[in-house]
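Colleague:
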Amino acid sequence: MLCIPYYCKNVIISYNLYSHNHQLALKKILLLLCLCLFVAVAHAQTGGRFTLKGVVGDTTGTGLPEATVMLLTPKDSTLVNFMRTNKAGSFEFKGVKRGNYLLKITYVGYLPYQQNVVPNDGDVTDMGNIKMTFMDQNLYEVVIKTFRAPLSIRGDTIEYDPKAFKVPPGASVEDLIRRLPGLQVDQDGSIKAQGETVKRVTVDGKRFFGDDTKAATKNLPAEAISKVQVFNEKTEQSRLTGVDDGKHEKTLNLQLKDSHKKGGFGKVAAGVGSEKRLEGKINYNRFNEKNQFSVIGLGNNTNQGGMSWDDYQDFKGSQSFNWGDDGDFGFNGGRYIYFGGGDDESITIQAGSGAQNRGFNKNWAGGANYNFDTKKTKFNTSYYYNKNTQDLDATSRQTNFLTNSAFTKLDTNGRLNSNQNHRGSLRFEKTLDSNNTLVLISNFRFGNGTADYRSHQEYFRGVQDSTQLSNMSDITNFSDFNSFAIANTAIYRHKFKKKGRNFALSGGYNVNNSEGDVRQRSTNQFFRTSQTVADSVLNINQTNHTKSLRNQIKSSALFTEPLSKKFVLETFYNFSLKNDEVDRDVFDNKESGQVRNLNLSRYYTNNTTFHRAGTSLRYSYNGLNLLGGIGWQQIHLDGKFAVNQDDPTRTRIDRRFSNWVPNVSLNYDLKNNRYLYGGYNFSVQEPNIRDLQPIVDNSNPLYITMGNPNLAPTRNHSFNIGYNHFNATKFTQMFFGAYYNLYKDQVIYSQTVDENLVTTTMPTNISGGRSFNLYGQYGFPLVKTKSNLSVNANYYNNKNLTFINGELNDTKGNGYNGGLRLDLTPSDKFTFYANANWNISDTRYSLMSAQNQKIVNSTYGAEMNVKLPKEIYFNSRFNYNRYVNDRFGFNQDMPILNVSLYKTMLKSKKGEIRLSAFDLFNKNRGISQSAYQNFVSQEQVRTLARYFMLSFAYNMRGMSHSVRRKGYY
Amino acid sequence: MKKIWMICLMLGSLPAFAQQEGVVVTYEKEHFWSKIYDRLTFLSEEERSRIKTTWGTHDEGYKTKGQLFATASESKYNDLEPEADGGWRGRVSEFMVYRNLDTERKTEIEEFAGKTLVIDDSLKAPSWKVLNKIKEINGYMCMMAVAEDTVRDAKLTAWFANDLAFNTGPERYFGLPGLIMELNVNDGEVIFTAIKVEKKPLTEEVKLPKKMKGKKITTADYDKTLKTYINDSMKSHRNPYWNIRY
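The listed protein sequences correspond, in order, to chains A and B. Read in order, the letters of the first sequence are residues 677 to 1645 in the working numbering. Read in order, the letters of the second sequence are residues 20 to 265 in the working numbering.
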């Protein structure tokens, strides 16, 4: 009898009152109720301890052994003591502190028993024979299965759990109420509880459409309700007067499920500033349990960029992040079969690009997103538009070192770029059953734009930019382009019965189509004998029309098989076929009309076939994850090119590269928050098809490029190792690591510079290039929770090889980077953050050691936040950047100070008004300097400097104001 | 059946290492992180609701398993190593809870915020309130009891089975007349559910392990450390719950 006589799962019942129309059950329960609740209470007791005893038996008086007897406080049912009855069914609590108790007895198969205990004056209070009512199987099933009467009583409130009352999908609350025991719905829709008419219906305790009790019950869906409560409430009159007239009204309260709390949140912000600066942003998101809908719109000319990550998450909601959607399996994922060119716009929405500090940008963006989420089906669709125009004026200076000489180029240029994109996405995920999942994804992008480029360039012999003028060029280019891309992926995942045995298959079809026109005009003057009159002049006036179409089909398969509890074998195969067709028609614009330029016009088709098959063994146990694998891959390039489609002579490039690719990775969770990780990986990058074509491109007469059909792929050995440790109670953290890359047959661009300083480059392979990086950081609190200091350091060393005029130049770079960061967070009213970073890069050239460079860039920053009275806040940020290169006498300082004062307002701090000043010293210039291979360069860009702005924001979720910086959590 | 229970009760008082009637219970522990984040007081309402809209609908609970061995007088709880599913597997942190109702003592081993602690102290059960609710879990009729965890500031809801006369439960939870079959922390932030209950005689399984390495600490000191840690983390705007057992 003691074993499991029940068949229903997870049903909540409450036994104080079983109210249903089963007469027999009702009678028994009423009887029980009387027993439980109306035990007479006698007089009070004083001091000492007493013994409480009794005998538990069934209705015939037979003792029930092993029954659970609990002694509870009557006030809040706190468990004071418990025991089990002995063989004869008797129990005895000794040394019980004198006081009133609630005795609760349970025995499987019997209705729980409850009785108040009021000890008598003596040492022993005997409860006598307690008779428990047998709950026979039928009754139990009636109660649980048929009526599933899950109701509980708290005070005068009867609470029903609607989960247990099955109603058809889409049913209203009224349908639900009809099924609740003790409640009735009349024909006219009015509700009766225990025979009394319900006067008031509230939702979450609030009135719902005045006094019309039917409005809520008829209109709300039953599935939105988490609890139905019936209680007596004082009448309106007694509530108003505060005098309890003893009259009560039956009230029905419907508690909504959290998930059904339909919600909406949104934010609107607008700012107007000096220098014609404007910015605005609006977003709104509406959701309920299954649906999320959102819109966003933004525009600014304050270099703010597009959506931030926060905006993106509010926009995409539950579909913000989906991992593994590329469908590429195996180690390093889809690294080898990625789609798109290097500088192509992404096909998906890009967020978090941050502020733009180059030039003057205008941004517009807007879109809508819809998500539907259930356990089995997830659907997402979105549309997003963005437009960016950039006005950029720059001056740059670059010195190139040759075998025994050098030349310096000064460039003053202006750019006006504009581009816009329409992006759409569809994603559908269906859990077919517990073992099978299907994901379908389609993303597209349609974009177009224009680019206007004007440049004046001067070339000087040597490292000075004042004497020995060699060339002078004036360039005017204009381009107009449009593109369309679509990527479709299907992923199917299957789990076998054996845990850990999985199979996945993916397929994809991608198209990338682009078309553009470029008009190039330039005047190039060459000076040899004189500095004022050119010896020769070369004028270029060309129009080129380029059309390119790329198609790709790809597929991947993955199978994992657990070999034992600690070893798993993973086998994968990847395939990709990429087809490129590029048609580039170049015309020289002459007075007589357009003439096709046969040197520059080109038509080519290329098929790149990729196969990779591999297997890896993973050991994972007790925090150690070790993976070793090997793959074999083949890249086949099959290209044909000609001057023009009509040209019957096609040159063929047919190259096949096969390699073994090993891979090792380590991840070790050493106890106590210490982690060790590392890996080795070998990668092969096939040469770019453009680099393989033995064609001379002289569209820039001062920088001529040539192809090389003999190029081999770049092979890269890369190693990395790292260690992390953090002490969670002391709040210290430390990490350090190193990585190393070694290149074989690296594709580099060798340079030949002629006497006119015309550079001709050709890709070639070279081995021996390498890079090494060592980094570390240590952070610790100076005063716990109040201040924190962290120190970081970084060292790098690299070796870059280039051929300069046929001689090998070995550029060695040594870089030292150090930084400090101090966070002071003494209170909720004041914070201060400071940081300093120094970066020294030391570059040595083997061909011209006299030109060795040392570049020093340093950055200092400070931020202060103060909370003033009356919800007024003050924020200031100061950044000081210093750029030094002694060799060229380059020494630039850039102090930038931003300050803002803001005040929260309106109810729940939903509004904010803010006055800000950006770059108070008016010193912002986009400065950069670098030294690489055989050149050193500096650039300055005219960019947005001082302006003032007044802005207002309204956030339905409340403006968050903290003097603390936003951290990670 | 009744006889067996009587025997079991009698055996409970026999000296250690004798074979005793007992249960082996497998618990599944689910963490609902999208709800736990709601407890981070330093996040703004906007940040908290963003976490819910982004992760809430996908949060199916991070699942781990633990195993409890129990006799009438002793019980021992351990975490179980996750099964290999082909991917990366994390380390199971050190955790063991041993309770002896006869001596009213407990020994707990816990890796707490980067340190292994051994808590050897007297037993103190939470103050349970037994309420009038019943539900069935895995074939056992269970009653509801609630308590407060004042250290972690959490609301505990336990469902215990009267017909499994073992005063024990998952992890640190005990103090009810029957085995705790389900334990719910803060309305579903963390849920323990007994997914398998197996009755069998136990000997060694339920005993205190002989080797125990770690820093000895009393319950009072542990509670203090934990409370300070949670407070400090909140003040430093860090999520304390990643590093402790929730």
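Quick reminder that beta carbons are idealized off the backbone N, C-alpha and C, glycines included.
Can you give, in chain order, each stretch of the beta strand (DSSP E) that sits fully within the stretch 162-247 of chain B and has at least 3 residues?
Modeller: 173-180, 198-204, 209-221, 234-236
Colleague: Going by C-alpha to C-alpha distance, which of A/Gly1455, A/Gly771, A/Val1244 sits closest to glutamate 102 of chain B?
Modeller: A/Val1244
Colleague: With DSSP run on the structure shown, which of helix, strand or coil describes tryptophan 74 of chain B?
Modeller: It is helical.
Colleague: What separation, rounded to the nearest whole angstrom, lies between the Cα atoms of leucine 1108 of chain A and glycine 207 of chain B?
Modeller: The C-alpha of leucine 1108 of chain A lies about 27 Å from the C-alpha of glycine 207 of chain B.
Colleague: Suppose the cutoff is 8 Å on Cβ atoms and the five residues either side in sequence are ignored; what does the same chain contact list for threonine 927 of chain A look like?
Modeller: Val874, Lys875, Arg876, Val877, Thr878, Val906, Phe907, Asn908, Glu909
Colleague: Using a Cβ-Cβ cut-off of 7 Å (strictly less than) and excluding sequence neighbours within five positions of aspartate 1019 of chain A, which residues of its own chain qualify?
Modeller: Here the model assigns aspartate 1019 of chain A a pLDDT of 46, short of 50, so the residue's position is not dependable, and the following value carries that caveat. No residues qualify anywhere along the chain.
Colleague: Pull the bridge partners of glycine 1304 of chain A from the DSSP assignment, please.
Modeller: A/Leu1293, A/Val1340
Colleague: Taking only the alpha-carbon atoms, compute the straight-line gap between threonine 665 of chain A and glycine 733 of chain A and give it to the nearest angstrom.
Modeller: The structure shown does not extend to residue 665 of chain A, since chain A spans only 677 to 1645, so no value can be given for it.
Colleague: With DSSP as the reference, please indicate the residues paired to isoleucine 1311 of chain A in a beta bridge.
Modeller: A/Phe1286, A/Phe1333
Colleague: List the whole-angstrom C-beta distance separating leucine 755 of chain A from valine 149 of chain B, where the pair is believed to meet the contact cut-off of C-beta under 8 Å.
Modeller: 5 Å
Colleague: Could you check whether the Cβ of arginine 1137 of chain A sits closer than 7 Å to any Cβ belonging to chain B?
Modeller: no
Colleague: Is the CB-CB distance between alanine 891 of chain A and isoleucine 1023 of chain A below 7 Å?
Modeller: no
Colleague: Where does arginine 69 of chain B fall in DSSP's three states?
Modeller: helix
Colleague: Could you list which residues in chain B have their beta carbon closer than 7 Å to that of aspartate 1049 of chain A, in chain order?
Modeller: Thr76
Colleague: Which residues in chain A sit within 7 Å of glycine 109 of chain B, going by Cβ to Cβ distance?
Modeller: Gly1299, Asp1345
Colleague: Would you say the stretch 218-227 of chain B touches the stretch 39-46 of chain B, given that touching needs at least three Cβ pairs under 8 Å?
Modeller: yes
Colleague: Give me the residue from A/Thr1065, A/Lys894, A/Glu1246 with the minimum Cα distance to asparagine 1093 of chain A.
Modeller: A/Thr1065
Colleague: At the 7 Å Cβ level, is phenylalanine 758 of chain A part of the contact set with chain B, yes or no?
Modeller: yes
Colleague: Report the neighbours of asparagine 181 of chain B on chain A: residues whose CB is nearer than 7 Å to its CB, in chain order.
Modeller: Thr744, Thr782, Val784
Colleague: Below 8 Å, can you find three or more Cβ-Cβ pairs linking the stretch 1559-1571 of chain A to the stretch 1596-1612 of chain A?
Modeller: yes
Colleague: With respect to the beta strand (DSSP E) encompassing lysine 1054 of chain A, which residues constitute its N-terminal and C-terminal limits?
Modeller: 1053-1077
Colleague: Taking buried to mean at least 16 other C-beta atoms within 10 Å of its own C-beta, is isoleucine 214 of chain B buried or exposed?
Modeller: By the Cβ-count criterion, isoleucine 214 of chain B is exposed, with fewer than 16 other Cβ atoms from all chains shown falling within 10 Å of its own Cβ.
Colleague: Looking at the structure shown, is tryptophan 107 of chain B part of a helix, part of a strand, or coil, going by DSSP?
Modeller: Tryptophan 107 of chain B carries a coil assignment under DSSP once its states are collapsed to helix, strand and coil.
Colleague: Under a three-way DSSP split, which group does serine 1146 of chain A fall into?
Modeller: Serine 1146 of chain A carries a strand assignment under DSSP once its states are collapsed to helix, strand and coil.
Colleague: Let's see if you can read the secondary structure: which residues bound the alpha helix (DSSP H) around tyrosine 988 of chain A?
Modeller: In the DSSP assignment, tyrosine 988 of chain A falls within the alpha helix (DSSP H) that extends over 985-992.
Colleague: DSSP beta-bridge partners for threonine 1478 of chain A?
Modeller: A/Asn1485
Colleague: DSSP three-state call for valine 948 of chain A: helix, strand or coil?
Modeller: strand
Colleague: Alpha helix (DSSP H) containing aspartate 1367 of chain A: first to last residue?
Modeller: Unbroken alpha helix (DSSP H) run through aspartate 1367 of chain A: 1365-1368.
Colleague: State yes or no: is the beta carbon of serine 1 of chain B nearer than 7 Å to at least one beta carbon in chain A?
Modeller: As displayed, chain B neither begins before 20 nor continues past 265, which places residue 1 of chain B out of reach and without an answer.
Colleague: Just checking: is the beta-carbon of lysine 1349 of chain A within a distance shorter than 7 Å of some beta-carbon in chain B?
Modeller: It is worth fixing the name first, because residue 1349 of chain A is asparagine in this sequence and not lysine. So yes, asparagine 1349 of chain A belongs to the interface.
Colleague: At what residues does the beta strand (DSSP E) containing aspartate 734 of chain A begin and finish?
Modeller: Taken as a continuous stretch (DSSP letters only), the beta strand (DSSP E) holding aspartate 734 of chain A covers 725-734.
Colleague: Which partner residues of tyrosine 1472 of chain A appear in the DSSP bridge assignment?
Modeller: A/Asn1449, A/Gly1491
Colleague: Does any C-beta atom of chain B lie closer than 7 Å to the C-beta of proline 1461 of chain A?
Modeller: Contrary to the premise, residue 1461 of chain A reads as threonine rather than proline in this sequence. Using beta-carbon distances, threonine 1461 of chain A counts as an interface residue toward chain B, with a partner under 7 Å.
Colleague: Would you check if there are 3 or more beta carbon pairs closer than 8 Å linking the stretch 1024-1038 of chain A to the stretch 1209-1216 of chain A?
Modeller: No: the two stretches stay apart, fewer than three of their Cβ pairs being nearer than 8 Å.
Colleague: Using the beta-carbon count (16 or more within 10 Å), is glutamine 995 of chain A buried or exposed?
Modeller: buried
Colleague: Note the first and the last residue of the continuous beta strand (DSSP E) segment covering alanine 1044 of chain A.
Modeller: 1036-1049
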